[in-house]
Every structure is written in C-alpha cells, then in structure tokens.
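Under the working numbering, read the sequence shown as residues 566 to 768, first letter to last.
By construction, the Cβ of each residue, glycine as well, lies at the ideal position given by its N, Cα and C atoms.
Just below is one structure, and these are the notes that go with it.
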Amino acid sequence: MKYKKIIEKFILVFIIHILIFESIDSRCLYLRSGRIDCSLKEDCELNEIICPKGILGNGGCYSNSSKYCFDGLICNLNEKICSKGSLGLGGCLTNSDVCHDGLVCKSDAKICPKGVSGDGGCLKNSTDICYNGAICSSKEKVCEIGTFGSGGCYDENTDKCYNGIICRSLQTLCPKGNRGNGGCYIARSHRCFEGSISRLIGK
566 MKYKKIIEKF ILVFIIHILI FESIDSRCLY LRSGRIDCSL KEDCELNEII CPKGILGNGG
626 CYSNSSKYCF DGLICNLNEK ICSKGSLGLG GCLTNSDVCH DGLVCKSDAK ICPKGVSGDG
686 GCLKNSTDIC YNGAICSSKE KVCEIGTFGS GGCYDENTDK CYNGIICRSL QTLCPKGNRG
746 NGGCYIARSH RCFEGSISRL IGK
C-alpha cells in the first residue's frame, strides 16, 4: 500500500511536469543559466531562427545563411567577435574595426582609457579630447578635477564648472559645509544650508 502511494505520487508529479512544459512553447530555448527564453518563432521570418539573449547581446531573429549567433550577439558571417571587457560590452568586428578589452573602435581611432572622470571609449573625431576617461567634443569644455568633483565635459553656454563639479542648466552650486558635502541644486525647488541640500516645502 505504501509503495502504491509512492508510485501514484510519482505519476502525478510526472503528469504535472508534462503539463507545465507543454504550456511552454516548444520552440522556447533553454539557456546555459537554466532560464527559459520563450521568444516565439512566429516573431521571426520563415527562414530565420532564434538567437537567445546572452552576455554579449539581447539575441533576436537571424538567418544562419548570412549571420551567426554568439552569446546573444548576432553578427555577419564575415565578422569576428569582440568579447566583453573592462572597457566595453563587446560586439561584432568588421575588417576595419579593432577590439580593445571589450571596446569596438575603428582601426584608426584613438583610445581614451577609463579614468576618474569617465568610462573612456573611442575618439571618433580628431577634435575630440580625452580627459581622465571623459571624451569631450569640440563644442565642449573640460572641467578639470577639483576639490568638489572628478571633472568631465560641459557646455559652457548652459553649464558651469565649479572646481571639479559640473552644474547643468538651471542648477547652481551648494558649497561643502558643516552639514553636508554640497553639490548642484535648483534654487527654485531646493535650498542649500551649510552643504546640506533639502527640498523646499510644497515644491
């Protein structure tokens, strides 16, 4: 009797599992993480298959006659893979591209290393300036590292640089004081008191 109940319980569990997996579209893909990617095949064209989401990309539909899938990334057959690194999320490499630790750049582009002012990247134009990881265009100015912040790029027509901190349009500086480290704030909705920024009542 005891064994009969065990067998009946096993059969019941087996049936439940079958019903669950039948409710999941048979075209769902099982990822290495154990999750199920239920991107439906009808979202793709007849000659396309599904590339499941991965570390390098969000996947999608692709034709394996002209493209291939690698860890969520869809590239052309003549392209190589740039793996994820400290400088970028990786991507597809054409013959004119180079991979710098996860960063895809044109072969003639200069690299701006990651720094305290920004995440770095490719210098797309010869007029771009690299400043401690921040890439500033010709229309921007460099806000140098100071006692208030780590600097960066700013538009001098709308923004202001205060000793390393950049306050954007409509913002002004709340200096560091006994009650806080200060920062940028909008005077019409906040107040600054000895480095502490608080919202005005009713704003």
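The secondary-structure analysis by DSSP pairs N641 across a beta bridge with K632.
Shown here, S761 sits in a strand according to DSSP, grouped into three states. The DSSP-derived three-state label of D684 is coil.
Between C749 and Q736, the gap from beta carbon to beta carbon is short of 7 Å. For K725, the secondary structure class from DSSP, reduced to helix, strand or coil, is strand.
Within 10 angstroms of the beta-carbon of K675 lie fewer than 16 other beta-carbons, which makes it exposed.
When secondary structure is reduced to three states using DSSP, L658 falls in the strand class.
Residue pairing from DSSP places L668 in a beta bridge opposite H665. Its chain contains H665, D666, G667, L668, K679 and G685 as the residues whose beta carbon lies nearer than 7 Å to that of L652, once the 5 sequence neighbours on both sides are disregarded; these appear in chain order. Excluding sequence positions up to five before and after N612, its CB lies within less than 6 Å of the CB of S628, all in the same chain and listed in chain order.
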